[in-house]
Structure formats: structure tokens, C-alpha cells
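Written out below as C-alpha cells is the structure these notes cover.
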Amino acid sequence: MSLIYDEQLSNEDKKVVKGWWKDCYDDIRKHGYALPTEFIPSHTPSRPPPNQRSFNDIARPGILISVLARREEDGFRVMLTWVPPGFKPRIPEPHNHCAPCLHLFVLENSRGGTHSIVVTPWLHPFDKRQFKTFPDFIDFFDEICKGIQFMHERNIAYRACTTKNIVWTDPPLVHPDDGTEHPYRYYFLDFGFSRQYKTRGEMGDQPRGRDNFALEHELGVRTDIYNVGLLVREKFLDKFQGFGPMRDLVKDMTFPDPWGRPLIEEVVSTFDPIKQRLGVDSDGLRPLRSSWWRSLFWA
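For reference, each letter of the sequence shown is one residue, going 0 to 298 in numbering that gives the first Met the number 0.
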């Protein structure tokens with residue numbers, strides 16, 4: 000599907016949005032992006048009927064209006080999204096794994112109005128990623144941990160690190176500078192459950208007295224560690240052979256008592272030597288053989 004609509008939009012509103020993207024086709028080309036062929040305008044843009052809502056009536060903060068496109072200079076798949084006036088993209092940092100803004104430009108539409116468009120990589124759901132080798136897993140775990148560490152260093156607890164909220168982007172076929180392969184990039188979505196604390200200690204960094212023992216969802220950093228460990232256990236350790244070196248680390252990350260779990264800095268430092276022990280016999284990921292007794296020894 001080329002268009003991504005907000006669930007709040009009616010079928011009539013969706014037609015208006017599609018017509019608006021068609022009207023913008025040539026202007027978007029001027030900024031270096033090509034929409035799919037279905038958006039190539041075949042006639043002079045027509046005015047909507049008097050009783051039909053205009054795009055200006057539909058587009059408002061909180062409404063998702065996006066379309067698939069390609070960057071013409073290299074064919075890289077991107078997503079163009081309408082954003083409300085005043086939108087300011089964040090300054091990119093290597094370890095920040097919030098979905099990045101690649102470009103921001105302004106459109107003057109034939110149906111009236113000036114609109115801002117933000118360009119991001121085309122984001123795929125985690126479950127669509129096919130992990131075939133141990134280096135695939137190592138890249139993934141490295142990026143996710145560094146993304147969590149980036150937030151924790153700024154006193155932000157994500158609290159929603161699940162497969163539903165992890166996405167990945169298409170890598171360029173080759174690195175533009177040296178011709179080497181470029182790894183996939185992974186990003187976090189949906190910060191509705193995230194919370195920023197005044198100090199690191201408030202995030203669950205330091206043990207509290209049992210009288211003040213907080214609910215699991217309030218233990219920001221400890222919950223993030225658990226969620227990452229649970230994801231790795233369910234998606235990798237329970238499905239593929241050769242992850243023995245990861246078991247102790249994952250066991251610590253999912254320890255029942257939150258205070259017994261490592262901090263993200265400890266996870267990163269512990270994982271560094273583990274990388275060398277993964278895939279020693281073979282780089283390829285091989286599915287676990289189904290055995291009824293396996294569950295008796297690994298929970």
C-alpha cells in the first residue's frame with residue numbers, strides 16, 4: 000500500500016488526501032522525491048465539490064498522513080509525512096534510535112495552503128525482518144542497546160521496548176564512500192509510555208527500601224532491561240541454535256527481582272566479549288530442533 004492513513008479518516012477523506020498527493024506530485028519531484036506511478040497527475044487538478052471537506056480541513060495535529068516515495072538520487076525508499084506548522088526536526092546523533100528526519104520541505108498546493116513535509120526512511124515492522132546470520136543478530140542487539148543507553152543517559156525510560164515498537168529501514172546497497180555493505184538500522188516508535196526523570200536515581204537506578212518497592216511499570220530502566228531481554232529470549236534463544244553464550248546475560252536481564260537486573264551500561268560491556276563467541280561454528284542461524292524435554296531445562 001502506497002498510502003498510510005490515520006484510522007480516524009473516513010473513506011471520503013482518504014480520497015481527498017490521495018487527490019492532494021496527486022496535486023503535489025510535480026512539486027515533490029522538484030525536491031528530489033518520486034511518488035508511485037498511481038500519483039502521476041493525468042489531468043488538471045479539479046476543485047472538490049462544495050460539500051466535500053478540503054485537505055486543509057482534514058490535516059491537523061494528531062492525524063497521520065503519509066505516502067511511500069523514492070529518493071531519486073539513489074532510489075532509497077522513504078516515507079513522506081505531512082507535519083503541522085512549526086515542526087522542528089531533532090539534530091541527528093549516532094546513538095539516537097528514534098525514527099530520524101532526513102529532510103523537511105514546504106509545499107504550495109494547487110488546492111490552497113502551505114504545508115510542511117517531513118521525509119523519513121521507509122519503516123518496516125520488526126516481524127518482517129528475516130535474521131539469517133549471527134552478525135545480523137549482533138548488529139540488532141548492538142543498536143537496540145545503544146539506543147536504550149542513549150535514552151537512559153538523558154534520564155528517559157522508554158518502557159515500551161517490544162517488537163510492535165521496533166522498526167527497521169532498508170539499507171543502501173553499498174556505502175556511498177567506500178563501497179562496503181551498510182547494515183540495517185533499527186529505530187524505536189511510540190513514546191506514549193516513556194517518561195523523563197529529573198535524576199538517574201529516580202529511574203530505578205538505585206535500589207529502594209522494600210517499603211517503597213515500586214510497581215514493575217514504574218521501574219523505568221529496569222523495565223527496559225527486562226523487555227529487551229525478553230525479546231531476545233523469545234525471538235532468538237527460543238528459536239535458534241548457538242545462543243548458549245547469551246543465556247546468562249538474558250537470564251540476568253529477565254531476573255524476577257528488578258533490582259537484580261543489570262543496568263544498560265553493564266549489558267553493553269557484558270555483550271562485547273560475547274560477540275566473539277557467537278557463530279563460531281557457523282555464521283548462519285539454524286532453527287532449534289523441537290524436543291519435548293527442552294522446556295524442562297530452559298524457561
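Yeah, the Cβ is synthetic: ideal placement off N, Cα and C, and Gly gets one too.
Just to confirm my understanding: we take residue i, look at its own chain, exclude 5 residues before and 5 after, and list those with CB closer than 8 Å. What are they?
i, result
"His-123", "Val-166, Trp-167, Thr-168 and Asp-169"
"Arg-285", "Phe-239, Gln-240 and Gly-241"
"Phe-149", "Glu-92, His-94, Asn-95 and His-96"
"Leu-287", "Asp-237, Lys-238, Phe-239, Gln-240 and Arg-293"
Per DSSP, what are the beta-bridge partners of residue i in this structure?
i, result
"Phe-239", "Pro-286"
"Gln-299", "Since the displayed the chain opens at 0 and closes at 298, residue 299 lies outside it and no answer follows."
"His-123", "Trp-167"
"Leu-79", "Val-66 and Val-118"
"Tyr-185", "Trp-167"
"Phe-104", "Ile-116"
"Cys-302", "This structure gives no information on residue 302, because the portion of the chain shown stretches from 0 to 298."
"Tyr-32", "Arg-70"
"Cys-97", "Phe-187"
"Gln-195", "Ile-155"
What number of angstroms, rounded off, separates the C-alpha of residue i from the C-alpha of residue j?
i, j, result
"Tyr-157", "Pro-40", "43 Å"
"Leu-250", "Glu-37", "The displayed chain sequence assigns Lys, not Leu, to residue 250. Roughly 50 Å separates the two Cα atoms."
"Thr-253", "Asp-189", "23 Å"
"Leu-262", "Ile-147", "10 Å"
"Val-220", "Ile-155", "8 Å"
"Val-279", "His-96", "29 Å"
"Leu-34", "Ser-53", "21 Å"
"Arg-28", "Gly-18", "16 Å"
"Leu-230", "His-151", "19 Å"
"Thr-119", "Val-66", "11 Å"
"Ser-9", "Val-15", "10 Å"
"Glu-233", "Thr-113", "47 Å"
"Ala-98", "Met-78", "11 Å"
"Val-82", "Trp-121", "16 Å"
"Ser-1", "Asp-135", "28 Å"
"Ser-193", "Ala-159", "7 Å"
"Tyr-186", "Ile-137", "15 Å"
"Tyr-225", "Glu-11", "44 Å"
"Val-227", "Glu-107", "44 Å"
"Phe-139", "Val-267", "13 Å"
"Asp-256", "Phe-133", "30 Å"
"Lys-131", "Lys-197", "41 Å"
"Leu-101", "Glu-264", "29 Å"
"Ala-58", "Ala-68", "19 Å"
Can you tell me whether residue i is buried or exposed? The criterion is at least 16 other CB atoms within 10 Å of its CB, across all chains shown.
i, result
"His-94", "exposed"
"Pro-299", "As displayed, the chain neither begins before 0 nor continues past 298, which places residue 299 out of reach and without an answer."
"Val-105", "exposed"
"Asp-282", "exposed"
"Trp-258", "exposed"
"Thr-222", "buried"
"Gly-178", "Any reading at Gly-178 must be qualified, since the residue scores a pLDDT of 47, below 50, and its modelled position is unreliable; the value itself is stated next. Exposed."
"Gly-191", "exposed"
"Asp-25", "exposed"
"Leu-236", "buried"
"Asp-22", "buried"
"Leu-214", "Because Leu-214 sits at a pLDDT of 43, beneath the cut-off of 50, its placement in the model cannot be relied upon, and the point is left open."
"Gly-208", "Low per-residue confidence applies at Gly-208: pLDDT is 42, beneath 50, and the placement is therefore not dependable enough to give any value."
Excluding the 5 residues flanking residue i on each side, which residues of the same chain have their C-beta closer than 6 Å to its C-beta?
i, result
"Arg-128", "Trp-167"
"His-184", "It is Arg, not His, that sits at residue 184 in the sequence shown. Result list for Arg-184: Thr-168, in chain order."
"Phe-125", "Thr-162 and Ile-165"
"Leu-248", "Thr-269"
"Thr-80", "Ser-65 and Val-117"
Can we count residue i as close to the ligand FMN, meaning its CB is less than 7 Å from some heavy atom?
i, result
"His-102", "Absent from the structure shown: the ligand FMN. Ligands present: none."
For residue i, which residues in the same chain have their Cβ closer than 7 Å to its Cβ, ignoring the five residues on either side in sequence?
i, result
"Gln-195", "Asn-154 and Ile-155"
"Ser-115", "Val-82, Pro-84, Phe-86, Leu-103 and Val-105"
"Arg-70", "Gly-31, Tyr-32 and Val-77"
"Arg-260", "Arg-221, Ile-224, Tyr-225, Asp-251, Met-252 and Phe-254"
"Trp-20", "Leu-34, Phe-38 and Val-66"
Flag residue i as yes if its beta-carbon sits less than 8 Å from any beta-carbon of chain B, otherwise no.
i, result
"Arg-221", "Considering every chain present, this structure includes no chain B. It has just one protein chain."
May I ask you to verify whether the stretch 265-274 touches the stretch 244-251, counting CB pairs closer than 8 Å and requiring at least 3? Counting C-beta pairs closer than 8 Å gives three or more between the stretch 265-274 and the stretch 244-251, which meets the contact rule.
Report yes or no: do the stretch 62-77 and the stretch 137-155 share at least 3 C-beta pairs separated by less than 8 Å? No contact exists between the stretch 62-77 and the stretch 137-155.
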